[in-house]
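Add 3 to a position in the sequence shown, counting from 1, and you land on the number used in the numbering used here. We put the beta carbon where it would ideally sit given N, CA and C, even for glycine. Everything numeric in this text was worked out from a predicted model, so none of it was measured. Notes follow once the structure below has been shown.
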Amino acid sequence: MDTHKDKIIQKIIDDQKDFQELSGNDLNLYGMIYQSLEQKPDAGFPLGFSGTIIRKIEMKKQRQFNLKLYALFSVLLVMCLGFLFTFFSRDQLSVMISTVIEHKYMILFFVFIVTSIQLASHFFTIKKLER
């Protein structure tokens, strides 16, 4: 509650010239209402409760989506490897392996960067949920 606004409203009511006299019962009720408005709310759900729940649900859905995406990527990788081993001859396979060995540092760097980005995204998401 905005106490400044409450005080202004109370002052307007008190300053009215043609304000009818209130009965004792009405005065008591008015006093109880005004006092209850000035009190802090009882302990209940925290202020950001719904936002926290919504974020947790969204994170759970995001994890499920990521799991499905990783599963799809794994299946595609297995299918591509099967395709490579089935349709390529030994000479083509040896050329591909030598190319991979020749560029191993670039491939390792790429894998390191992708892994770092995934870990950073994971940690930032966790920190965002903790707020």
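Next on the checklist: Please report the distance separating the alpha-carbon of N69 from that of L32.
Outcome noted: Distance between the alpha carbons of N69 and L32: 58 Å.
Checklist entry - How far does the alpha helix (DSSP H) with F91 in it reach, from first residue to last? => result Premise fails: F91 is in no alpha helix (DSSP H) and is neither H nor E.
Next on the checklist: DSSP three-state label for Q42, please.
Outcome noted: When secondary structure is reduced to three states using DSSP, Q42 falls in the coil class, being assigned neither helix nor strand.
Item to check | Whole-number beta carbon distance between M62 and L122, since they are thought to touch under 8 Å | outcome: Not really, about 16 Å apart at Cβ, beyond 8 Å.
Next on the checklist: Rounded to whole angstroms, what is the Cα-Cα separation between M35 and F52?
Outcome noted: 29 Å
Checklist entry - When the distance is taken between beta carbons, is I110 closer than 8 Å to V103? => result yes
Item to check | Terminal residues of the alpha helix (DSSP H) in which H125 lies | outcome: 107-133
Checklist entry - Between the C-alpha atoms of S119 and L80, what's the straight-line distance to the nearest angstrom? => result Note on geometry: alpha-carbon atoms of S119 and L80 lie some 21 Å from one another.
Checklist entry - Quick one: Cα of I56 to Cα of M82, how far? => result 39 Å
Checklist entry - Run through DSSP, which three-state label would G51 get? => result If DSSP states are grouped into helix, strand and coil, G51 belongs with coil.
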